[in-house]
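Undergrad: One structure is given below, represented as structure tokens, and several questions about it will come after.
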Amino acid sequence: MTYVVTEACIRCKYTDCVDVCPVDCFREGPNMLVIDPDECIDCSLCVPECPVEAIYAEDDVPADQRDFIALNAELAKKWPPIVERKDPLPDADEWAKVKNKRDQLIR
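Using my numbering, you'd call the opening residue of the sequence shown number 669 and step up by one each time.
Below, the structure is given as structure tokens:
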């Protein structure tokens with residue numbers, strides 16, 4: 669099992685989770701983070717750190733977000749590691765409660 673970043677992260681990219689990850693498994697895209705499933709050790713430290721509740725254990729990913737399991741694996745191979753906390757995107761607070769923002773994902 670691994671942990672998965674889901675749709676809620678899109679256009680927010682809060683990086684509180686990065687600070688607590690003991691294995692640096694987060695990868696940074698233009699407007700979202702993902703978790704490298706090959707690096708994640710299933711420690712769950714990142715889950716309570718996410719202010720938009722975008723991170724789930726793979727088995728607990730909501731049904732309408734299951735495609736993010738494969739998406740995390742795919743994008744983790746393309747995006748660089750992020751190992752330090754950064755400021756969220758400038759309009760993150762405006763996007764934090766928006767639903768259905770898959771079309772906003774920049775690959």
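Note that CB positions come from ideal geometry on N, CA and C, so glycine has one too.
Give me, in chain order, the residues of the same chain whose beta-carbon lies closer than 8 Å to that of residue 770; leave out the 5 immediate sequence neighbours on both sides.
TA: Here the set comprises 675 and 678.
Undergrad: What's the gap between the Cα of residue 758 and the Cα of residue 764?
TA: Cα to Cα, residue 758 sits roughly 11 Å from residue 764.
Undergrad: If distances are taken between C-alpha atoms only, which option among 747, 669, 762 and 683 comes closest to residue 711?
TA: For the residues 747, 669, 762 and 683, the minimum Cα distance to residue 711 belongs to 669.
Undergrad: Quick one: is residue 691 buried, meaning 16 or more other Cβ sit within 10 Å of its Cβ, or exposed?
TA: It counts as exposed.
Undergrad: Once the 5 residues before and after residue 747 are set aside, which same chain residues still bring their CB inside 7 Å of it?
TA: Contacts found: 695, 696, 697 and 702.
Undergrad: Take residue 685 as the anchor and find which of 736, 728 and 749 has the nearest alpha-carbon.
TA: Closest option to residue 685, Cα to Cα, is 749.
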